[in-house]
Structures are given as structure tokens and as C-alpha cells.
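Structure record follows, encoded as C-alpha cells.
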Amino acid sequence: QKEVEQDPGPLSVPEGAIVSLNCTYSNSAFQYFMWYRQYSRKGPELLMYTYSSGNKEDGRFTAQVDKSSKYISLFIRDSQPSDSATYLCAMSVRGTQGGSEKLVFGKGTKLTVNP
Amino acid sequence: DSGVTQTPKHLITATGQRVTLRCSPRSGDLSVYWYQQSLDQGLQFLIHYYNGEERAKGNILERFSAQQFPDLHSELNLSSLELGDSALYFCASSRTLGGETQYFGPGTRLLVL
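Listed in order, the protein sequences are those of chains A and B. Just so we're aligned, residue 2 is where the first sequence starts under our numbering, counting upward by one. Just so we're aligned, residue 46 is where the second sequence starts under our numbering, counting upward by one.
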């Protein structure tokens with residue numbers, strides 16, 4: 002079983018829809034959970050990161066972490082064509098000296114928002 | 046623009062050769078991370094440097110090595126190149142040691158023929 006699983010999609014939605022992107026993980030040691038957006042031929046761009054279980058909101062984006070189910074989600078409200086990109090989840094464990102002891106990315110979900 | 050620069054943008058080379066990829070982090074960032082991204086493997090963490098010291102290793106092959114210099118720029122050296130090394134190589138920088146907030150560069154596209 003892979004440590005981080007992410008449905009590659011593709012996911013196609015109409016403009017204005019609510020989008021739900023998800024990742025599951027198997028390693029209960031993961032402490033930090035991140036979401037990145039990657040446009041074609043560009044570097045990933047950090048959208049949000051969170052440490053604890055629960056919800057974190059930033060504008061149209063909400064990140065949700067359920068550590069008991071080992072499941073994280075990213076919700077995009079009022080989706081726009083400019084949201085069309087690949088979304089990557091990432092998870093990390095801090096080592097005893099403070100650095101990331103383990104850092105794993107999901108393979109990404111390709112999202113298209115149609116006008 | 047993330048503020049992270051990578052050179053070169055594109056690199057075409059032959060099997061068995063050695064190449065060096067360069068990364069300049071954002072001003073003030075002490076951490077540099079290197080990643081390899083291919084279609085089948087996704088984004089794979091290779092190695093992390095913080096203020097000149099290696100702090101963590103991921104799925105980095107023995108043929109690959111990296112270092113971070115006193116001015117905080119970093120280089121990733123890839124040697125004895127194989128066809129399967131063709132990929133996008135990204136570096137990312139962060140102000141902190143933890144790596145939760147990383148800013149990625151535009152990447153170097155490597156093609157090994």
C-alpha cells in the first residue's frame with residue numbers, strides 16, 4: 002500500500018461548482034498536511050498547510066484533515082476556469098531536530114473547470 | 046514568480062554523462078529541497094539542505110549528489126545518466142527547517158538521450 006494515495010482524475014466541473022479533492026494516507030506519523038497547485042509546466046505553488054485535525058479556510062479554499070480516518074480534503078468553492086490545474090497533497094513528519102524526516106507527495110489530481 | 050531561480054531551464058544530454066543543476070533560493074530562505082517529477086512516479090523528494098548542512102534524504106540515487114554553498118545556492122549533480130533520469134527537477138526553498146511552507150522554482154527539464 003502506498004503511503005499517500007490520491008485519485009489522479011481527471012476531474013471536470015462547470016464554473017461555479019464546489020470541488021472536492023481528497024487524499025488518504027497510511028502512515029499515522031504524518032503531522033503536517035499541505036496542498037499545492039501546479040499549472041502545466043510550472044512549479045507547484047503552496048495553497049494551504051495545516052497541522053491539526055479540523056478545517057482551515059482561506060478565501061475560496063478549505064482544507065480538512067481527519068487524522069482518525071487518515072483522510073485529507075481540499076474544497077474549492079465557486080470554482081473558476083483559472084483553478085484548472087493539478088492539485089497535489091503532501092504530508093510530512095518532523096524529525097527530532099526539527100527538519101522534515103519524511104516528506105511525501107500524492108501523484109496529483111488534474112482538475113478542469115469549464116466556463 | 047516564487048523568487049526561486051533554477052538554471053538551466055532545459056538540458057539535453059546523453060546516457061553516461063554528468064550534469065549540474067543550479068538553484069538560488071528566495072532571499073532569506075535557509076532551506077533548499079530538491080525534487081524529481083516524472084509522469085509515472087509523481088513528485089519525489091530527493092534531499093534537503095538547511096544552512097549548508099544536509100538534513101534529510103529521500104529517494105535519491107547514489108549517482109546523484111547535492112550541496113548547498115555558503116551563499117545558500119544549491120547544486121544537484123547527476124552522474125552516469127540513464128534514460129530513466131529524464132524528468133523535471135525542481136528545487137524549493139523555505140525560511141524554516143520544517144518544510145511545511147515551500148516555494149518552488151520553475152524547474153529544469155532534463156532529457157537524456
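For glycine and all other residues, C-beta sits at the position ideal for the given N, C-alpha and C. All values reported here derive from a predicted model rather than from experimental measurement.
Interface positions of the region 89-108 of chain B facing chain A (Cβ-Cβ less than 8 Å), listed along the chain: Q89, F90, H93, Y95, R100, A101, G103
Residue burial classification, S72(B) (beta-carbon count within 10 angstroms, cutoff 16): Classification for S72(B): exposed.
Expected contact under 8 Å - CB spacing of S74(A) and L12(A) to nearest Å: With a beta-carbon spacing of about 13 Å, S74(A) and L12(A) fall beyond the 8 Å limit used to define contacts.
Beta strand (DSSP E) segment containing E6(A), residue limits: Residues 5-7.
Those residues which DSSP pairs with P15(A) across a bridge: N115(A)
Cβ-Cβ distance between I19(A) and R78(A) below 7 Å: yes
Interface residues of chain A facing Q147(B) [CB-CB closer than 7 Å]: Listed along chain A are L47, each with a C-beta nearer than 7 Å to that of Q147(B).
Minimum C-alpha distance to S70(A) - residue among R38(A), S41(A), V114(A), G55(A): G55(A)
Boundaries of the beta strand (DSSP E) in which L75(A) is found, first to last residue: 72-77
P116(A), buried or exposed, once every other Cβ within 10 Å from all chains shown has been counted against 16: P116(A) comes out exposed.
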